[in-house]
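Here the structure is laid out as structure tokens; the discussion comes afterwards.
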Amino acid sequence: MILLLTRILSKVALALMVGLLAGCQGGVLDPKGQVGIEEKQLIIVATLLMLLVVIPVIFMTLYFAWKYREGRDEIYEPKWSHSTKIETIVWAIPIVIVIILGVITWKSTHSLDPYKPLKSDKDHINVQVVSMNWKWLFIYPDLGIATVNELRFPANVPVAFQISSEGTMNSFFIPQLGSQIYSMAGMVTKLHLIANEPGTFDGISANYSGAGFTGMKFKAIATETEADFDAWVEGVKAGSHNVINNGILDQTSYEKLAEHDLDEHHIEPTPVQYYNSIASSIFMNNVTKFMKDHGQVELLKGTSFEPKMIHGEMGHGEMNHGEMNHSDMNHGESEDSSHDMHTEAGK
């Protein structure tokens with residue numbers, strides 16, 4: 001009976017192990033890019049280090065339960081409370097492991113910084129990403145094209161992403177290539193990835209964002225050669241691919257794409273679409289539209305602290321910092337002047 005039970009349990013354990021390993025295919029434990037490979041190694045090393053504590057604890061728990069079970073003549077010492085050897089072991093080992101994990105975390109945090117460009121003898125391909133409800137827009141500013149729910153790039157060529165959101169916060173994630181990073185309205189986050197081999201990888205949003213979240217997926221396709229990628233780009237510009245071709249991506253078509261009308265009973269993912277040209281600065285225009293002074297001032301650049309006007313003259317009552325002199329900052333002015341300055345600051 002015991003032998004039969006052992007065989008059954010061993011078969012069940014084997015089946016579970018095979019199932020778990022099969023689930024690794026296409027995920028973070030099946031990396032296809034430099035960043036993903038380094039992150040997999042980090043996960044494995046950290047797990048093994050923590051198992052140095054977990055496994056002995058599990059073993060000793062079972063051993064003590066067996067050793068001191070009822071019916072055994074073990075020595076009973078109710079007043080025993082301290083052992084220097086045990087205290088040394090149970091404190092020293094975790095401390096050493098935490099120190100090692102701390103060093104590894106420090107190094108990996110800097111080496112796997114998503115904002116850090118990848119070392120390569122090839123230039124990065126720039127892609128601007130916008131998460132919408134519920135679809136992904138990919139803009140290639142240097143190539144003058146854009147796509148929806150499909151991302152292409154050559155294998156062995158690094159890709160530099162600028163990521164933002166049209167509304168709800170999402171998380172841009174291609175598990176087999178590496179790091180995920182959040183997309184937020186009015187903000188731009190950055191990510192650098194590379195595919196070490198050609199293939200088609202699943203891209204998802206890793207942050208729940210509403211009713212259409214389940215359909216918010218895309219394909220990241222690494223072409224075999226750069227020539228294949230260039231041919232695809234030319235096909236997008238010519239409108240020769242067998243997908244929806246929408247012409248130019250300007251503010252009007254952008255706003256139309258950003259609209260969402262979902263059937264609460266049946267939600268279909270947005271089909272792949274291409275734009276054969278894009279309006280200038282379409283990405284940054286829609287990032288900065290969430291800012292208070294959009295269209296009035298340009299963000300400070302470099303070490304210059306003087307905002308430059310880019311649309312017309314300032315309206316009545318706006319403070320021109322470029323023309324303010326020392327006398328304007330005189331703290332001895334009248335109470336009314338001080339009140340006016342506070343009013344301007346409030347605006």
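Per full-length UniProt numbering, the sequence shown starts with residue 1, numbered consecutively. Cβ atoms here follow ideal geometry from the backbone N, Cα and C, with glycine treated the same way.
- In the DSSP assignment, no residue is bridged to Trp80.
- The segment 55-74 makes no contact with the segment 202-219; the number of CB pairs closer than 8 Å stays below 3.
- The residue from Thr223, Ser131, Ile43, Val157 with its alpha-carbon nearest to that of Glu255 is Ser131.
- Of the residues Val287, Trp232, His110, Leu52, the one whose Cα lies closest to the Cα of Glu150 is Trp232.
- Where Phe153 is concerned, the enclosing beta strand (DSSP E) starts and stops at 150-154.
- For Trp136, there is no enclosing alpha helix (DSSP H); the enclosing beta strand (DSSP E) has its first and last residue at 135-140.
- DSSP places Ala160 inside the beta strand (DSSP E), whose first and last residues are 159-165.
- With a contact defined as Cβ atoms closer than 8 Å, Phe290 and Ala185 qualify at about 5 Å.
- Around Pro269, the same chain offers Gly215 as residues with beta carbons nearer than 6 Å, after the five sequence neighbours per side are excluded.
- Counted as a single uninterrupted DSSP element, the alpha helix (DSSP H) harbouring Asp228 occupies residues 226-238.
- Only residues of its own chain outside the window of five on either side were considered, and among them Ser277, Ile278 have a CB closer than 7 Å to the CB of Gly144, listed in chain order.
- The DSSP-derived three-state label of Met216 is coil.
- Ala155 counts as buried, since no fewer than 16 other beta carbons sit within 10 angstroms of its beta carbon.
- Phe172 carries a strand assignment under DSSP once its states are collapsed to helix, strand and coil.
- For Leu191, the enclosing beta strand (DSSP E) covers residues 189-193.
- Boundaries of the alpha helix (DSSP H) around Gly36: 34-67.
- The alpha-carbon separation between Ala220 and Thr288 amounts to approximately 27 Å.
- When rounded, the separation of the alpha-carbon atoms in Gln273 and Leu257 is 10 Å.
- In the DSSP assignment, the residues bridged to Asp202 are Lys219.
- Taking every protein chain shown into account, the CB of Thr223 has 16 or more other CB atoms within 10 angstroms, so this residue is buried.
- Going by beta carbons, Gly33 and Ile194 fall inside the 7 Å limit.
- If you draw a straight line from the Cα of Asp121 to the Cα of Glu197, it comes to about 16 Å.
- A check of alpha carbon separations from Tyr275 across Gln251, Leu49, Ser108 identifies Gln251 as the nearest.
- For Gln273, the enclosing beta strand (DSSP E) starts and ends at 273-275.
- Distance from the CA of Gly235 to the CA of Ile139, rounded to the nearest whole angstrom, comes to 16 Å.
- Taking the Cβ atoms as the reference, Leu49 lies roughly 6 Å from Leu101, within the contact range of under 8 Å.
- Remark: C-beta atoms of Ser165 and Ser179 do not approach each other more closely than 7 Å.
- The three-state reading of DSSP puts Gln128 in strand, counting E and B together.
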